[in-house]
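So the structure is just underneath, and the comments pick up after that.
Protein chains: 2
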Amino acid sequence: MRAIARRAGVSHMAPYHHFADKRALIAAVAAEGFRMLRQEMLERIEACGGDARTRFRESGIAYVVFAVKHPNLFRVMFGEETADTSEHPELKAAASQAFAVLQGLVEQDQVAVGTRDDRDREKVGLSAWALVHGIAMLCIDGQFGPEARRPEYAEKFAYEATGALARGLRGG
Amino acid sequence: MRAIARRAGVSHMAPYHHFADKRALIAAVAAEGFRMLRQEMLERIEACGGDARTRFRESGIAYVVFAVKHPNLFRVMFGEETADTSEHPELKAAASQAFAVLQGLVEQDQVAVGTRDDRDREKVGLSAWALVHGIAMLCIDGQFGPEARRPEYAEKFAYEATGALARGLRGG
DNA sequence: GCCCCGATCTTTACACTGTCAAGATTCGGT
DNA sequence: ACCGAATCTTGACAGTGTAAAGATCGGGGC
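In structure tokens form, the structure reads like this:
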């Protein structure tokens, strides 16, 4: 807080006239992060222009690449200070809209492939989200080794893993 | 730190004679968490006693259930205070041994199914880890909704998602 | 022109935190 | 009995988040 105020060249209490407390400021930063994430996913989808399956994969890769490129921001977005989104509806909305991109692509893919069960579509989206989220988290935690913090590694790994999951979800 | 000392009924500086600093204490707690996690995975595997595929799933479910049952500990295990494991080899070892359980089961399953490519086995294990890790994280962050913090929900969800991934990994 | 209001910022103060430095206590081994 | 190591304490310091009160300033209505 005080460091932020210093960097902005104001007194240490100035930020409190714009944010209720530390958590509120963090929540605002996190919300901005979710908007950036959504934007990068959309841009990557648009740039690739393949079929539904390809676009689904690309969005997942964008998710992981975003995390690796902005690890601190990503941690703020999913940190414990941000855990109860109930107090911060703006944050909740931004997170939902980011997830909606992934969910939408999964559904397009399911439609293209001809899967019947509409009920399971949300679960499929959540599974896909969980997979890319896990990859992102373990990469930035260095749990896959130091080289996993390089975007190229993360991108390659995300490509393979999302392909495997997509195959499994389509089949029986 | 001071609260910990208070709870132990000692002065606020006593812990510093057992741990170098705050991060070292946190790392020790995290290492203990990884040992607990490994233990619970092993117990669940032993209790179910199915084939390799079933045991693989069960270990993943144990992972998620552990996270939901001990969300604060789980967050410490993967928090930013713990991010650079290079300073804390004990923590690194404990984490590796926990992951080794999952990896071992994946390889048993791959052998049972007859997959040839040994090279990909590590990637399969990492993908499986990422999936259950993502589920765990999103559950305890409340990102799947409040009911996802109940172990039963997490268990059910983990069962479905791991099944889908396993199918996808086996196929082409 | 004057006044008031709201927005914005500052100053001061308080309880709390992690950590350093120096001294006290306890206790097993020689 | 005594030494040294292990363990704990007291006191201090800089830094933190935040509550309370007051300062400054620009614009709109009389």
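First to last, the protein sequences are chains A and B. Counted from 1, the first sequence has number 22 at position 22 by my numbering; the numbering is strictly sequential. Counted from 1, the second sequence has number 304 at position 132 by my numbering; the numbering is strictly sequential. Glycine included, each C-beta is placed from N, C-alpha and C at the ideal position.
- Using a Cβ-Cβ cut-off of 8 Å, K123 of chain A counts as an interface residue toward chain B, since at least one Cβ of chain B sits closer than that to its own.
- With respect to the 8 Å criterion, R321 of chain B and V240 of chain B are classified as neighbours on the basis of their beta carbons.
- For S127 of chain A, the nearest beta carbon of chain B is closer than 8 Å to its own beta carbon.
- Using a Cβ-Cβ cut-off of 8 Å, I135 of chain A counts as an interface residue toward chain B, since at least one Cβ of chain B sits closer than that to its own.
- Secondary structure of R322 of chain B (DSSP, three-state): coil.
- Contact check for A161 of chain A and I135 of chain A: beta-carbon distance about 6 Å, within the 8 Å limit, so the pair qualifies.
- Taking the Cα positions, G222 of chain B is about 19 Å away from V236 of chain B.
- Taking the CA atoms as reference points, D21 of chain A sits about 26 Å from I198 of chain B.
- Contact between A302 of chain B and L131 of chain A holds, since their C-beta atoms are separated by about 6 Å, short of 8 Å.
- When the Cα atoms are used, A128 of chain A and A300 of chain B turn out to be separated by approximately 12 Å.
- Annotated as proximal: M137 of chain A and F250 of chain B, with beta-carbon spacing under 8 Å.
- At a cut-off of 8 Å between C-beta atoms, T287 of chain B does not count as an interface residue with respect to chain A.
- Cα atoms of A93 of chain A and R38 of chain A: separation of roughly 12 Å, rounded to the nearest angstrom.
- Of all residues in the segment 152-164 of chain A, those with a C-beta nearer than 8 Å to a C-beta of chain B are F157, E160, A161, G163, A164, reading in chain order.
- For the segment 71-86 of chain A, the set of positions with a beta-carbon nearer than 9 Å to some beta-carbon of chain B reads P71, N72, R75, F78, G79, E80, T82, A83, D84, T85, S86 in chain order.
- When only Cα atoms are considered, F144 of chain A and A272 of chain B end up about 13 Å apart.
- With a threshold of 8 Å between beta carbons, F316 of chain B makes contact with chain A.
- For S86 of chain A, there is no enclosing alpha helix (DSSP H), as DSSP marks it with neither H nor E.
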